[in-house]
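Presented below is the structure to which this report refers.
Numbering (the numbering used here), first residue to last: 886 to 1851.
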């Protein structure tokens, strides 16, 4: 049915649509459309006023001109409606592949310009690119109109910096009334917030196209702050820095005093570090960068002069200037273990241990040496060593005692590295080393959440100390109240908070504890795969132990509530509220800890608390994410994931409607909204996977049908011939006649081997769709020539033509003067068996065809020396394709027509071609055997062969394929 837009189109609209496609489509020499120079997505971008760098300039200009026309809406709609029809599936595929290649070739700045074309997903990039067009920077021309367009789109998507630029009329020629009204909701009243917005927006996405931060910063836009102002700030900081540093004596350094050389070098490095911290100025000002580099170079020269006498200089050279690897290791080793009377540098022991001895990827990996280095460095804390012996003796120390150890912040890395190792490998520990160092760091270093969490877990488990729930509670409380400064401590705060609430605030805060664990899981679920948290040291046993030891709950009382809740939960059929009814928070927490751990697989029964039809929406969501990560063993399948994610969305919708939202506070309402958004994104991922799975299954069924088609063609004729010959054998007693029948059995045996080979391909494909391609590519040579394969295929096909009922009408058309209703055995015996070499067999076959089948012309050139394995993939594919080509031609060739079949070895591969005349009055679907040609097309796709779509030209039907074989 024709759409209204097509019915009402004017000739002018048709002209513009045709003009667009004339410029956009790519055609071959035969004027067949093979691709397009622009995708639908790019067309939409340009239609909306964007300038994607992947679109050719002439097309961009053409679309811009058409957009000025009054009928632009009709033109754009018709272009989109006709897109698929004008291209066709092959051209669409080529267009998509071409677009991916164009994107891959873009320079980093052009990648950002491409992202800016989609402000909804990339408002930061749109703002950044808009500023380039405003200022004409980064090889971008001045274009205030396009800059305004990008800023309006970015501001509409919530970018604060874009809104600020528009609201303050930064754009030349803009008035207060136009852009400010458009972004009235984003106007920033307090100008002091501008720096915060710039920090959030500036180059946040650069790192996805650049390798490192320094390269990214070179392309950041810092036009907001003048260079002179930045230089003044730097000079002020340098003056403060110089006054804080010890006075260095250049004259003493030049005189050869190692201590003076060391002090001068460190003073220069401090100045260089100060300049480095002014990253905005370094990115803008070449003179500042040169000044920084000159200071580093001079400092290095003084360090090298001081290094023979001072190990501290070697340590600085290793950490500041040496390349990672052997050079750094040598310098660190010389600094830590100097020769002669040179004093060692204890600081070198820590990187020597962490970067080399305890690093499995290092060529110097030696755990015993690494532990020795760390223990030697930490030996400065004599009180800790004494307490190790005391703890071993009476198992009594706590966080209060550990606060007297006096561990310095710069030594925390060594202490944690030692503790982390001996916690995992207690056989290498000296007493309760892990517990004592975790406690020492937690008690002496501010905001050391990870150390406090680990010490609390060891207290809970009684590893290295007595089980003391009071001290564990104190450590968990210390960790959860920390202000973390790195990702590991951030996660430790959430873990500690969840453990604290589960262990010491049940039953009132169980839900909040589970929420904290889910929040951690959501952070991991943002990635494409949910692989677990590598820093998660909590086990499900910790959850169970903590809850059962909860001083606020009697064991019997808790167990009774748990059992009652489980019974009631099994009885209900649905879940109400965002977290489900009768939620077993400790049980859910235990399951979540399994999910958060970083082991490769999770036994499905370990998550039994999350596995039933009455689970809540949030539990279902976690289960789906774990299913998609392929970590559940055994897997429940993508169909189960689809069912569960639909349940999540349905429950979320129910909670967010008027009735369900009455029991939710603002935080709960926002949490359900966030979960629903995540579920919708996950549902789209599942839908794509299901579509791919269904497509693979359809393809497999189709291929099974194709293979069955070929097997039937070969086996039916074989079985009939065997029945006829066996019947004659039963009736004949003449030995000579029996011998003649045995000769006729020879080709039947050959056909049986063909059947076996086809069955092999059938099994291969049904077990592994890529098996045929792998076998094809791995096959090298063989004891069988391609010519023999072709002769065998022709023999089989011609025998079927002579005997099979489905060829009856074809025999009458092609051989009208011969009574071929039932061809005699003598006629068949002329073609079977053929003797001699493949060339001789081909010659015999050609002579028989010329005498008996004058309508058929055969040509085989250059394939005699091309070798294949007799039962290999190449033999079977060539056999099947040649047979299908000839079968198709025999069935559909018109009366009095001539069939030409050629097999030719070329520079590009083995070329198969067949051409036959057809009756043009015959209905189009009957001009070819659709099933057979679909089989040919699919086989060519599987072995990466070229297959030209069949065509009817000048009353003749032709098929052509080139197999990748040399």
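Glycine included, every Cβ here is placed at the ideal spot set by N, Cα and C.
Residue environment, residue i, which counts as buried when at least 16 other CB atoms sit within 10 Å
i	result
residue 1066	Reliability fails at residue 1066, whose pLDDT of 37 lies under 50, so the model's placement of it is uncertain and no value is given.
residue 975	exposed
residue 937	buried
residue 1355	exposed
residue 1150	buried
residue 1565	exposed
residue 1296	buried
residue 1840	exposed
residue 1163	buried
residue 900	exposed
residue 1005	exposed
Bridge-paired residues (DSSP) for residue i
i	result
residue 1669	1753
residue 1845	1798, 1833
residue 920	911
residue 1786	1743, 1799
residue 1488	1518
residue 1838	1841
residue 1418	1482
Opening and closing residue of the beta strand (DSSP E) in which residue i lies
i	result
residue 1801	1795 to 1802
residue 1772	Where residue 1772 is concerned, there is no enclosing beta strand (DSSP E), although the alpha helix (DSSP H) it sits in stretches over 1758 to 1777.
Length of the line joining the Cα atoms of residue i and residue j
i	j	result
residue 1860	residue 1845	The structure shown does not extend to residue 1860, since the chain spans only 886 to 1851, so no value can be given for it.
residue 1096	residue 990	Below a pLDDT of 50, predicted positions are generally treated as unreliable, and residue 1096, at 42, falls in that range; the measurement from the model is reported next regardless. Those two C-alpha atoms are separated by around 16 Å.
residue 1257	residue 1248	18 Å
residue 1406	residue 973	44 Å
residue 1121	residue 1114	11 Å
residue 1797	residue 1477	60 Å
residue 1747	residue 1760	16 Å
residue 1265	residue 1424	34 Å
residue 1740	residue 1665	37 Å
residue 1702	residue 1831	39 Å
residue 1732	residue 1783	16 Å
residue 1196	residue 1228	7 Å
residue 905	residue 1537	46 Å
residue 1821	residue 1837	17 Å
residue 1022	residue 1171	16 Å
residue 1700	residue 981	49 Å
residue 1323	residue 1575	48 Å
residue 1181	residue 1036	41 Å
residue 910	residue 960	16 Å
residue 1533	residue 1511	15 Å
residue 987	residue 1025	19 Å
residue 1161	residue 1119	10 Å
residue 1730	residue 907	51 Å
residue 985	residue 1343	52 Å
For residue i, the first and last residue of its enclosing alpha helix (DSSP H)
i	result
residue 966	957 to 989
residue 1009	1008 to 1020
residue 1039	1029 to 1041
residue 1432	1425 to 1433
residue 1160	1143 to 1162
residue 1200	1196 to 1205
residue 1470	1470 to 1481
residue 1663	1656 to 1663
residue 1315	It is not in any alpha helix (DSSP H) - residue 1315 carries neither H nor E in the DSSP assignment.
residue 1734	1723 to 1737
residue 1232	No alpha helix (DSSP H) holds residue 1232; DSSP gives it neither H nor E.
residue 1227	Where residue 1227 is concerned, there is no enclosing alpha helix (DSSP H), given that its DSSP letter is neither H nor E.
residue 1218	1211 to 1221
Chain D within 8 Å of residue i, Cβ atoms only
i	result
residue 1156	Of the protein chains in this structure there is only one, and it is not chain D.
Counting pairs of Cβ atoms below 8 Å between the stretch 1146 to 1161 and the stretch 1184 to 1193, do you hit three or more?
-> yes
Using 8 Å as the Cβ pair cut-off and three pairs as the minimum, do the stretch 950 to 960 and the stretch 987 to 1003 touch?
-> no
Assess, as a yes-or-no matter, whether the stretch 1370 to 1377 is touched by the stretch 1326 to 1335 under the definition of 3 or more beta carbon pairs within less than 8 Å.
-> The stretch 1326 to 1335 is in contact with the stretch 1370 to 1377.
Would you call the stretch 1299 to 1318 and the stretch 1383 to 1391 touching, i.e. three or more CB-CB distances under 8 Å?
-> no
Inter-stretch contact at 8 Å, needing at least 3 Cβ pairs: the stretch 1221 to 1228 / the stretch 1201 to 1213 = no
Three or more C-beta pairs below 8 Å linking the stretch 938 to 947 and the stretch 1009 to 1018 = Inter-segment contact for the stretch 938 to 947 and the stretch 1009 to 1018 is absent: fewer than three beta-carbon pairs are separated by less than 8 Å.
Does the stretch 1362 to 1374 come close enough to the stretch 1510 to 1529 that 3 or more CB-CB pairs lie under 8 Å?
-> no
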